[in-house]
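Read the structure below first, then the notes.
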Amino acid sequence: MRVWETLVLSQRAPGVAQVTMARPAVFNAFDETMITELGEVFTELADDASVRVVVLAGDGKHFSAGADLQWMQRASAASTQWNLQDARRFAAMLAGIENCPKPTVARIQGAALGGGVGLTCACDIAIATENAYFAVSEAKFGILPAVIGPYLVNAVGKRQAKRLALTTTRITAAQAQVMGLVQQVVAGDALDVAVDASVTELLAGGPQAQSEIKQLYAQLEVGPVSAEVRELTAQTISRVRGTDEAREGFAAFLGKRAANWIPKA
Numbered sequence: 022m023r024v025w026e027t028l029v030l031s032q033r034a035p036g037v038a039q040v041t042m043a044r045p046a047v048f049n050a051f052d053e054t055m056i057t058e059l060g061e062v063f064t065e066l067a068d069d070a071s072v073r074v075v076v077l078a079g080d081g082k083h084f085s086a087g088a089d090l091q092w093m094q095r096a097s098a099a100s101t102q103w104n105l106q107d108a109r110r111f112a113a114m115l116a117g118i119e120n121c122p123k124p125t126v127a128r129i130q131g132a133a134l135g136g137g138v139g140l141t142c143a144c145d146i147a148i149a150t151e152n153a154y155f156a157v158s159e160a161k162f163g164i165l166p167a168v169i170g171p172y173l174v175n176a177v178g179k180r181q182a183k184r185l186a187l188t189t190t191r192i193t194a195a196q197a198q199v200m201g202l203v204q205q206v207v208a209g210d211a212l213d214v215a216v217d218a219s220v221t222e223l224l225a226g227g228p229q230a231q232s233e234i235k236q237l238y239a240q241l242e243v244g245p246v247s248a249e250v251r252e253l254t255a256q257t258i259s260r261v262r263g264t265d266e267a268r269e270g271f272a273a274f275l276g277k278r279a280a281n282w283i284p285k286a
């Protein structure tokens with residue numbers, strides 16, 4: 022098994038991989054190495070047929086403080102071309118999490134700042150403790166949340182995203198839940214119980230169906246339902262209805278048994 026420099030990859034449960042950011046001394050701030058490793062590990066997990074769900078966590082008191090300031094200081098002294106390649110790696114890493122065909126769950130405690138907010142938004146489901154807090158803090162350093170911007174807008178809407186980016190205000194977990202940044206807030210000692218409950222729900226769904234959901238919903242936008250969108254949805258469901266997984270799902274339901282994709286207890 023590969024040993025990662027900034028991450029710990031473990032099996033949380035059968036079919037469930039946990040990726041833990043493991044730089045607690047700097048509150049799991051990420052640099053070039055962690056960005057590269059996050060991109061690589063999500064690529065590997067996307068291709069691993071034994072993995073059904075991926076949990077993203079942070080070691081220690083905080084989820085992620087975002088960009089490592091020493092990394093940002095190096096970037097400020099580097100050429101535009103270096104910064105472009107560096108930013109492209111960051112963008113590719115977030116896209117890898119967003120586009121992972123497996124459901125992803127962010128397990129959040131303490132701080133999620135800057136890029137840590139981006140990681141939160143890139144995951145399908147985000148569960149936070151009551152003491153968690155969030156800030157899109159880039160403007161304080163004279164830069165902007167560019168790469169995480171699309172994920173933030175998708176999570177909370179354009180107007181809230183602009184407010185968070187412009188003001189760099191810190192918001193509580195409860196405020197984050199109201200605006201859709203996270204979907205669930207729990208007591209600190211209930212975080213893993215809540216994450217495991219969500220994972221159990223995810224494991225009950227067909228893995229191919231969940232992959233199809235992620236692909237289809239990535240193409241949908243809020244607004245009028247056009248003829249093209251109606252055709253896309255009709256083509257998708259007509260194709261998926263004829264799959265082996267769909268036949269198994271209906272047979273399991275009618276037979277009052279667990280579907281064959283649900284891990285055995």
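Letter by letter, the sequence shown follows residues 22 to 286 in the working numbering. C-beta atoms are modelled at their ideal positions from N, C-alpha and C, and glycine is treated no differently.
Using DSSP's beta-bridge definition, name the partner residues of residue i.
i     : result
Met42 : Leu28, Gly79
Val37 : Ala34, Val74
Phe51 : Ala88
How far does the beta strand (DSSP E) with residue i in it extend, from its first residue to its last?
i      : result
Val207 : 205-207
Would you mind reading off the limits of the alpha helix (DSSP H) that contains residue i?
i      : result
Val216 : 212-225
Gly263 : First-last for Gly263: undefined, no H or E at that position.
Gln229 : 228-238
Ala194 : 194-200
Alpha carbon to alpha carbon, how far is residue i from residue j?
i      : j      : result
Pro279 : Gly60  : One point to set straight first is that residue 279 is Ala, not Pro, in the sequence displayed. C-alpha separation (whole angstroms): 34 Å.
Lys148 : Val216 : The question names Lys, but residue 148 is Ile in the sequence shown. Approximately 7 Å between the Cα atoms of the pair.
Ala133 : Ala195 : 14 Å
Ile129 : Ala78  : 7 Å
Thr54  : Ile164 : 21 Å
Phe274 : Ala225 : 12 Å
Ala34  : Ala182 : 35 Å
For residue i, which residues of its own chain have a beta-carbon under 8 Å away from its beta-carbon, when the five flanking residues on both sides are left out?
i      : result
Thr189 : Ala156, Val157, Ser158, Glu159, Ala160, Lys161
Phe292 : Residue 292 lies beyond the range of the chain shown here (22 to 286); nothing can be said about it.
Phe51  : Thr27, Met42, Arg44, Leu59, Ser85, Gly87, Ala88, Asp89, Trp92, Gly136
Excluding the 5 residues preceding and the 5 following residue i in the sequence, name in chain order all residues of the same chain whose CB lies nearer than 6 Å to its CB.
i     : result
Val80 : First, the residue type needs correcting, since residue 80 is Asp and not Val in the sequence shown. Hits under 6 Å: Thr41, Ala43, Pro45.
Is any beta-carbon of chain C found at less than 7 Å from that of residue i?
i      : result
Ala112 : Note that chain C does not occur in the displayed structure, where there is just one protein chain.
Exercise for the section: Identify every run of the beta strand (DSSP E) within the region 120-191, keeping only runs that are complete inside it and at least 3 residues long; order them along the chain. Expected result: 125-129, 132-134, 146-150, 154-156
Practice task
Please list the segments of the beta strand (DSSP E) lying wholly inside the region 66-115, counting only runs of 3 or more residues, in order along the chain.
Solution key: 74-79
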